[in-house]
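S.K.: Just dropping this structure here.
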Amino acid sequence: MQIETGVSLKPYNTFGLPAVAQTLVRIEADADVRRVLGDATLGRAPKFVLGGGSNIVLTRDVSQLVLKVEVPGRRVVDERADAWIVEAGGGENWHDFVTWTLDQGLPGLENLALIPGTVGASPVQNIGAYGVELKDRFDTLDAVDLITGRSVRLDASMCRFGYRDSIFKQALAGKSLITRVRFRLPKPWQPVLGYLDLERKMAETGQHQPTARQVYDWICEIRRAKLPDWTVMGNAGSFFKNPVVTEDQCRDIIGRDPEIVHYPMPDGTYKLAAGWLIDACGWKGKSIGRAGVYEKQALVLINRGGAIGAEVVTLARAIQESVYGRFGIRLEPEPLVI
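Read in the UniProt record's numbering, the sequence shown has 276 at position 276, and its numbers run on one by one without any break.
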């Protein structure tokens, strides 16, 4: 367990926003959390759990005790008749872990390639992309209760996964630290190819029965073409959730804007492309201060260099007002604003 003071958080958030942690503790095992809780000073301090910093907007210095999750490890836990069970430490880089599973001949996570962040943060957000959500491949996770120090194991039902949501953003927000996550990779493997971008790749390449590695390569190509590299241009990926509306609402919007991108959901609702809504309001490429909307994908807000958190928040609110004014839809941000 390493304890540091006056730590710049700029390298630890993908937006590259300036902020300082008064005290930061690097967590490499469950026991480190218990040591923090047992410390007379650290144990009483309010706590903030930090993973890869890919889903936060820092608007101020952080006075809470920052617990930076750096738990390592990747391993195959079990092989069953219907699935492989693989485990990764909460501090593992998510994309590197996805790549590792494919290198081991264990497909199933390829649609989630190149999502920034850590393994431990992935269940919090119930990350998802191109027709697959984390909950579709989830088995169990281990977490440490930040009040009692007890280690607990949660299954999918206990995590209460929703669209970009989980119990860790609700009842357990700020109350637990995820140390390990296990994934269930189904056998036999079946590709998930329902998104338009993937259908275009199949048409372009003539590969209508792609391997998992081919799907992985396509996903990486698609994401790199649409999304900026956060190490070059600070961003938090998709900034807003895709709104879900009723069939009647969708029909009404289509009547006014026939070109709107929408996807039917199993429960009869429709998911609308937030990026399309933002682009339709004329925001693509625009800026407020040093925060802007990415020229290639309106769903991504970017740091044009030297931006502060307040500029990002001001831009996001202006976009929300525009979309609501035109479509009557309130966009909900994905990142946590601190």
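Cβ atoms here follow ideal geometry from the backbone N, Cα and C, with glycine treated the same way. As the structure is a computational prediction, the values presented were derived from the model and not from experiment.
Can you tell me the Cβ-Cβ gap for residue 175 and residue 145, rounded? I've got them flagged as a contact below 8 Å.
M.R.: For the purposes of this step, residue 175 is taken as residue 175 along the sequence shown, with counting starting at 1. For the purposes of this step, residue 145 is taken as residue 145 along the sequence shown, with counting starting at 1. Approximately 7 Å separates the beta-carbon atoms of residue 175 and residue 145; this is inside 8 Å, confirming the contact.
S.K.: Give the single residue among 120, 59 and 4 whose Cα lies nearest to the Cα of residue 22.
M.R.: Locating residue 22 in the sequence shown gives position 22, where the first residue counts as 1. Of 120, 59 and 4, the residue nearest in Cα terms is 4.
S.K.: DSSP on residue 148, reduced to helix/strand/coil?
M.R.: Position 148 of the sequence shown, counted from the start, is the residue given in the question as residue 148. In the three-state DSSP reduction, residue 148 falls in the coil class, being neither helix nor strand.
S.K.: Report the option in 25, 201, 164 and 121 whose CA atom is closest to the CA atom of residue 240.
M.R.: Translated into positions along the sequence shown, residue 240 becomes position 240. Minimum Cα distance to residue 240 is reached at 164.
S.K.: If you follow the beta strand (DSSP E) that residue 203 is part of, which residue opens it and which one closes it?
M.R.: On the sequence shown, residue 203 is found 203 positions in, with the first residue counted as 1. Unbroken run through residue 203 is the alpha helix (DSSP H), 196 to 205; no beta strand (DSSP E).
S.K.: At the level of alpha carbons, what is the spacing between residue 55 and residue 162?
M.R.: Stepping through the sequence shown from its first residue, residue 55 is reached at position 55. Stepping through the sequence shown from its first residue, residue 162 is reached at position 162. So the alpha carbons of these two residues sit roughly 17 Å apart.
S.K.: Within its chain, find whatever has a CB closer than 6 Å to the CB of residue 187; leave out the 5 residues flanking it on each side and keep chain order.
M.R.: Within the sequence shown, the letter at position 187 stands for residue 187. The answer, listed in chain order, is 82 and 83.
S.K.: Roughly how many angstroms lie between the CA atoms of residue 168 and residue 205, to the nearest whole one?
M.R.: Here residue 168 corresponds to residue number 168 of the sequence shown, with the count starting at 1. Here residue 205 corresponds to residue number 205 of the sequence shown, with the count starting at 1. Whole-angstrom Cα-Cα distance: 41 Å.
S.K.: Grab me the residues of residue 202's own chain with a C-beta within less than 8 Å of its C-beta, minus the 5 sequence neighbours each way, in chain order.
M.R.: By 1-based counting over the sequence shown, the position of residue 202 is 202. The residues are 193, 208 and 210.
S.K.: Excluding the 5 residues flanking residue 226 on each side, which residues of the same chain have their C-beta closer than 7 Å to its C-beta?
M.R.: Counting from one through the sequence shown, the residue named residue 226 turns up at place 226. Correct list, in chain order: 296 and 297.
S.K.: If we ignore side chains and look at the alpha-carbon of each, how far apart do residue 219 and residue 32 end up?
M.R.: One-based indexing of the sequence shown puts residue 219 at position 219. One-based indexing of the sequence shown puts residue 32 at position 32. If I take the Cα positions, the gap works out to 36 Å.
S.K.: Pop quiz: residue 119 and residue 90 are said to be a contact at Cβ under 8 Å. What is the actual Cβ separation, rounded to whole angstroms?
M.R.: The sequence position of residue 119 within the sequence shown is 119, counting from 1. The sequence position of residue 90 within the sequence shown is 90, counting from 1. Indeed they touch by this definition, with Cβ atoms about 6 Å apart.
S.K.: Can you tell me which of 138, 43 and 189 puts its alpha carbon nearest to the alpha carbon of residue 215?
M.R.: Counted from its first residue, the sequence shown places residue 215 at position 215. The residue with the shortest Cα to Cα distance from residue 215 is 189.
S.K.: How far does the beta strand (DSSP E) with residue 185 in it extend, from its first residue to its last?
M.R.: Here residue 185 is taken as the residue at index 185 of the sequence shown, counted from 1. Going by DSSP, residue 185 is part of the beta strand (DSSP E) stretching over 176 to 186.
S.K.: Which one of 117, 305 and 126 has the shortest CA to CA distance from residue 289?
M.R.: On the sequence shown, position 289 is the one that residue 289 refers to. That would be 305, whose Cα lies nearest to the Cα of residue 289.
S.K.: Rounded C-beta distance between residue 57 and residue 337? I'm assuming under 8 Å.
M.R.: As a first step, residue 57 must be located in the sequence shown, where it is residue number 57. As a first step, residue 337 must be located in the sequence shown, where it is residue number 337. Between residue 337 and residue 57 the Cβ distance is about 5 Å, and since that is below 8 Å, they are a contact.
S.K.: Please confirm whether residue 183 and residue 245 have their CB atoms less than 9 Å apart.
M.R.: Counting from one through the sequence shown, the residue named residue 183 turns up at place 183. Counting from one through the sequence shown, the residue named residue 245 turns up at place 245. No.
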